[in-house]
DNA sequence: TTGTATGCGTTATCAA
DNA sequence: TTGATAACGCATACAA
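Protein chains in written order, with our numbering: chain A, 1 to 339; chain B, 1001 to 1339.
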C-alpha cells in the first residue's frame, strides 16, 4: 500500500548515482556537479518525490510538529486561537497537532502523553476546567520539551503564558455598567474554581469598590456548566424570588444569553430595565436580540503570540522562564447595554 | 534538549541486557524470561519510558496518524465533525492531524501535500469552496493513501464519501414553508458553483414543482461569501426594489440571520410576514430572535462514519470504491417559521 | 565531485 | 532465552 511513495533510493537507482548524491542534489549541497544536480531534480519532480518527514524527524530528532491542547474546539475563541497558531507555525515550517481535552483532566493528561510520544517539538496548552494536579506539566518539562500556556494557565508551573488581563477586562465591563447608571449589578460566574473566573470576579468587585458601591455576595452567582440553560434557570428563579438588579455582567456570552432569555420571559426589557454585558465576543453576539455587549478576547493574536513564544524557546534553547504576556481586550458595546 | 527522552537503549544499559531483549519484554514477546521481563518493565516505568512513535512509524511504514482537511475550524459544523473523527480515531489508536484550507484551493493542495509528506495513513477531506481541479486527489490515490470525503465531495474522484442528502433536506425545508402556507418562497444560496449548493437549489425547485407552484428564477439569489452582511445587503435591496415573498429558505444559517435583520429593518415581522428556515442548525439558532428553524446536519455522526470508513480502507486494504453514505438530516422547527 | 559507512529508535530475523 | 544484525529513509562525516 504505502510502497508507492518515492524514496531517495528510487531516484538514485533510476539515475545511476548513490543515494547520498541524490540527497545532496535535493538539498542544494555546495559540493555537487550542477549537471547531475539538474538531472536529479528533474527526476525527483518526475517521480513526484517528497521527502519522508518521518525519516527526517528520526534523523534530526525534531518532528517540526507542535502539539496543541485546547478544552473544546467548538468554542469560537479556541478555534480563533488555533488559526493564529497555525498561521505562525506554517510560516516557520511547523505543522500542528490538535487535541481537545473536553475539559477533562484525564483526557488532558492522555493528550499530553500522546503528543509527547509523537515527539512534538513543543507544546501549547490551555488548561481544562477539571484540575487535579500539575504532574503532566512537570513531565513535559522533565523531558526538556518547550511548553507555553495560553488563556488558561495553571499556578505553580514555571512556563511562559499568553493571557488576557481577566481582572481588568471584567472591571472595565462592570465599570461600563456603572457608568451607564446601573445601581445594582449581578455577576454570573462560570465555574468559580477556575483562576480566570476568579480573576473576573475580582475585577467585578474592584469596579464596585472603586465606585463606592455596595458589594452583595448574593449577587455573585456561579453557573458551573457554562451552558445558557444553566444561567436561564438560575436567573429566572432569582427573579421569581424577588431579586432586583438593573445590570448584569456574565463571565461568558452563553451565560449572558441564557440570562437575557430569563429576563425577557420575566417581562423585563433590555437594556432599559437591565443592561447586560457578556465575555468573549462570540461570533453570535451581534446576531442575538438585542445584540450583546461583550469583552472581545483577541483569540487569533493570542495564538500567534503563543506560537511565537514557543518558537523562541525551541530555537533559542533557552532556560525555562515564566514570563506572562497580557493581551489587550476591548469592550464591544452593543444594544444590550446602551440605548 | 531532546536528549532527556528515555530510549530502549537506556533501559538496556541500566539493566545490562541487549536492546532487543528490552524490546521483547516491553512488547510481551513470548520468548522471554519472565523474571527479566519484570525487571525491565519496572525500570521502564522508573525511567518513564515511552516508545518513540517516530521510530516506530519509520519501521512500520505506518504513522497511525490520519490527516483531516476542513474548510474552516470555526464553523460549528466542522468542529462537530472533527469531534466525531477524533472519537473513533482515538478508540482505534490513531491520532489526527487537522488542517484548514480556509476555502482556498491552493491552501488545500498545500495541506494535502504536507499531510502526505507526514506519511499519514489516510486522509479525510471536505473540499474548499474554491475548486480548480482534482490533481491533488489523484496524487493521493496514486500513492496508495486511503481517502474519504465528507460533506463536500468533488465530482469525478473515485473515493467513498459520507454526506447528507442536500437535495432532500432542502426539499423538506421548502416543503415545510409551503405547508405553512407560504405562496412565494425565496432561496438564498451560498456559492451556487458548489455541488452541495446546487443540490440544495434542486431540492428547493423540486418542492415547488411538486406543489405545482410557480418557479421564478429571480427568487434564487446567490450570496457567495456566506457572511450575514452579504444576505443582509442583498435582501434589503430586493425589498427596497419591491420584491414580495412570504417565505425564505437560506442554504446556511448565517445567510438566514442576515436576511432576518434586513426583513426586520424593513418593518416585516417573522414569521407572520415572512417565514424563515436556515441550514446547518448552528449552535446559535436558538439564541437569535426569533429562534431560527434550521436543517440539522449530524456533524459528529458524519465524523464518526467517515473515520470508520477510512479505517476499513486502511485495515482491509481494499480497492478504491466510491460508495456514498447519506446521513439523515432533521428539520428543526423553531419560531422563525411557526407561530 | 562522488560513494561508503554510520546512526537516529525500534523490531524482525537469525544465530548462539 | 538472549544477543547481534539489518532495515525503515535520510543526511552527513569521512574516504576516495
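The beta-carbon is built from N, C-alpha and C at its ideal position, and this holds for glycine as well.
Put simply, the CB of residue 1195 (chain B) is far from chain A, with every gap to its CB atoms at 8 Å or more. The region 1305-1320 of chain B makes no contact with the region 1167-1181 of chain B, as fewer than three CB pairs between them are under 8 Å. With fewer than 16 other Cβ atoms inside 10 Å of its own Cβ, residue 106 (chain A) counts as exposed. Relative to the Cα of residue 70 (chain A), the nearest Cα in the group A:152, A:199, A:218 and A:62 belongs to A:152.
Using a Cβ-Cβ cut-off of 8 Å, residue 1080 (chain B) counts as an interface residue toward chain A, since at least one Cβ of chain A sits closer than that to its own.
Nearest CB-CB separation between residue 225 (chain A) and chain B: not below the 8 Å threshold.
Straight-line measurement puts the Cα of residue 1035 (chain B) at about 15 Å from the Cα of residue 1012 (chain B). The CB of residue 1069 (chain B) never comes closer than 7 Å to any CB in chain A; the least such distance is about 12 Å.
In the DSSP assignment, residue 1275 (chain B) falls within the unbroken beta strand (DSSP E) covering 1275-1280.
The CB of residue 131 (chain A) never comes closer than 8 Å to any CB in chain B; the least such distance is about 22 Å. When DSSP reads this structure, residue 78 (chain A) sits in no beta bridge, so it has no partner.
Distance check between residue 1123 (chain B) and each of B:1130, B:1133, B:1131 and B:1149 places B:1149 closest, using alpha-carbon atoms only. Nearest CB-CB separation between residue 1304 (chain B) and chain A: not below the 8 Å threshold. Taking the CA atoms as reference points, residue 1048 (chain B) sits about 9 Å from residue 1005 (chain B). From the listed residues A:338, A:308 and A:193, the smallest Cα separation to residue 161 (chain A) is found for A:308. Residues of chain B whose Cβ lies closer than 7 Å to the Cβ of residue 51 (chain A) are, in chain order, 1117. If you look at residue 1100 (chain B), you'll find it in the beta strand (DSSP E) that goes 1095-1100.
Under the 8 Å criterion on CB atoms, residue 1307 (chain B) is classed as non-interfacial with respect to chain A.
Rounded to whole angstroms, residue 1306 (chain B) and residue 1314 (chain B) show a C-alpha spacing of 12 Å. The distance from the Cβ of residue 1256 (chain B) to that of residue 1203 (chain B) is about 16 Å, inconsistent with a contact at the 8 Å cut-off.
Below the 9 Å Cβ cutoff, chain B contributes 1074 and 1076 as neighbours of residue 76 (chain A), in chain order. With respect to chain A, the C-beta atom of residue 1142 (chain B) has a partner C-beta closer than 8 Å.
Around the beta carbon of residue 281 (chain A), a 10 Å sphere encloses 16 or more other beta carbons of the protein chains shown; the residue is thus reported as buried. With a threshold of 8 Å between beta carbons, residue 11 (chain A) makes no contact with chain B.
Between residue 1096 (chain B) and residue 1068 (chain B), the beta carbon gap of about 6 Å places them in contact (Cβ cut-off 8 Å). Shown here, residue 187 (chain A) sits in a strand according to DSSP, grouped into three states. Here residue 72 (chain A) is actually not in contact with residue 43 (chain A); their C-beta atoms are around 47 Å apart, not less than 8 Å. In terms of beta-carbon proximity, residue 1046 (chain B) stays away from the interface with chain A, with every pair separated by 8 Å or more.
Taking 8 Å as the CB threshold, residue 198 (chain A) stays off the interface with chain B. Remark: C-beta atoms of residue 1294 (chain B) and residue 1274 (chain B) do not approach each other more closely than 8 Å.
Bridge pairing for residue 1296 (chain B): B:1280 and B:1330 [DSSP]. Residue 136 (chain A) and residue 63 (chain A) do not touch by the CB rule: their CB atoms are close to 19 Å apart, not below 8 Å. Taking all protein chains in view, the Cβ of residue 1027 (chain B) is surrounded by fewer than 16 other Cβ atoms within 10 Å, so the residue is classified as exposed.
Membership of residue 201 (chain A) in the alpha helix (DSSP H) is indicated by the continuous run 195-210.
If you look at residue 250 (chain A), you'll find it in the beta strand (DSSP E) that goes 247-250. For residue 221 (chain A), the enclosing beta strand (DSSP E) begins and ends at 220-222.
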